[in-house]
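J.: A single structure is presented below for examination.
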């Protein structure tokens, strides 16, 4: 295989209830409130997912391709979370001074980048190339690109979608970034 694209799982998918197992044994969880079980923060499972993916790529002895990692894009809920009445009805992008990557999103971003850097260093020792397509900060500035209440029929009682993106929309730039990076190789 000549190339591998390792794209980020949705960071917000790791913020809900989850369990962590090691060698088949449950060692902890996130938001599960089980007595005598370690409660890990959301970035813990996210970090392990990337560590596992990068180890799998690095374990392929004959792999000579390029690994591309797209960083995650944060959600933009105002007035509550996805299941608490939150919405994302903004109609313009943020200015750079209007949005700050912080809290769990900053922790998730750092976990992802740190695991990428470890894999990149190990890969470099074998002559492998690792590239990062860092869209996190750019997408942080685009609260206007989500379907919100328009992502489903008006008579449906579903939460507003402030995680996924409208097409065409801001995420079209991801492909532009990837294509440009591939041309530079």
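Residue numbers (the UniProt record's numbering): 1 to 185.
Even for Gly, the Cβ is constructed at its ideal location relative to N, Cα and C.
Among 53, 166 and 135, which has the Cα closest to the Cα of residue 149?
T.: Closest by alpha carbon: 166.
J.: Grouping DSSP H, G and I as helix and E and B as strand, with all else coil, what is residue 171?
T.: Three-state DSSP puts residue 171 in coil, outside helix and strand.
J.: Using a Cβ-Cβ cut-off of 7 Å (strictly less than) and excluding sequence neighbours within five positions of residue 161, which residues of its own chain qualify?
T.: Hits under 7 Å: 146, 147, 148 and 151.
J.: So residue 54 and residue 156 are in contact, right, with Cβ under 8 Å, and what is the actual spacing, rounded?
T.: Not a contact, Cβ separation roughly 39 Å.
J.: In the DSSP assignment, the alpha helix (DSSP H) including residue 121 goes from what residue to what residue?
T.: Where residue 121 is concerned, the enclosing alpha helix (DSSP H) stretches over 103 to 125.
J.: Under 8 Å: do the region 67 to 77 and the region 131 to 141 share three or more Cβ pairs, one atom per stretch?
T.: They touch, by the three-pair rule.
J.: Under 7 Å between the Cβ atoms of residue 86 and residue 94?
T.: No, these two residues do not count as a Cβ contact at 7 Å.
J.: On the premise that residue 108 lies in contact with residue 170, defined as a C-beta separation below 8 Å, what is that separation, rounded to the nearest angstrom?
T.: That belief does not hold up - the Cβ atoms of residue 170 and residue 108 are roughly 19 Å apart, past 8 Å.
J.: Taking the straight line between their C-alpha atoms, what separation do you get for residue 137 and residue 92?
T.: Roughly 16 Å between the two C-alpha positions.
J.: Whole angstroms is fine: what's the gap from residue 27's alpha carbon to residue 37's?
T.: So the alpha carbons of these two residues sit roughly 7 Å apart.
J.: Looking only at DSSP bridge pairs, what is residue 161 linked to?
T.: DSSP output for residue 161 lists 148 as bridge partner(s).
J.: Of the choices 126, 140 and 90, whose alpha-carbon is the least far from that of residue 106?
T.: Selected option, being the one with the closest Cα: 140.
J.: What does residue 154 pair with, by DSSP beta-bridge criteria?
T.: According to DSSP, which records beta bridges pairwise, residue 154 is partnered with nothing at all.
J.: Among the candidates 22, 99, 48 and 34, whose CA atom is the shortest distance from the CA of residue 112?
T.: The residue with the shortest Cα to Cα distance from residue 112 is 48.
J.: With distances taken between CB atoms, is the gap from residue 159 to residue 90 smaller than 7 Å?
T.: Taking 7 Å as the Cβ cut-off, residue 159 and residue 90 do not qualify as a contacting pair.
J.: Which residues share a DSSP beta bridge with residue 38?
T.: According to DSSP, residue 38 bridges with 28.
J.: Using only CA atoms, which one of 172, 75 and 39 lies nearest to residue 88?
T.: Taking only the C-alpha atoms, the option nearest residue 88 is 75.
J.: For residue 21, report the span of its beta strand (DSSP E) as first-last.
T.: Looking at the DSSP string, the run of the beta strand (DSSP E) that includes residue 21 is 18 to 22.
J.: Helix, strand or coil for residue 180, going by three-state DSSP, please let me know.
T.: In the structure shown, residue 180 sits in a helix (DSSP, three-state: H, G or I).
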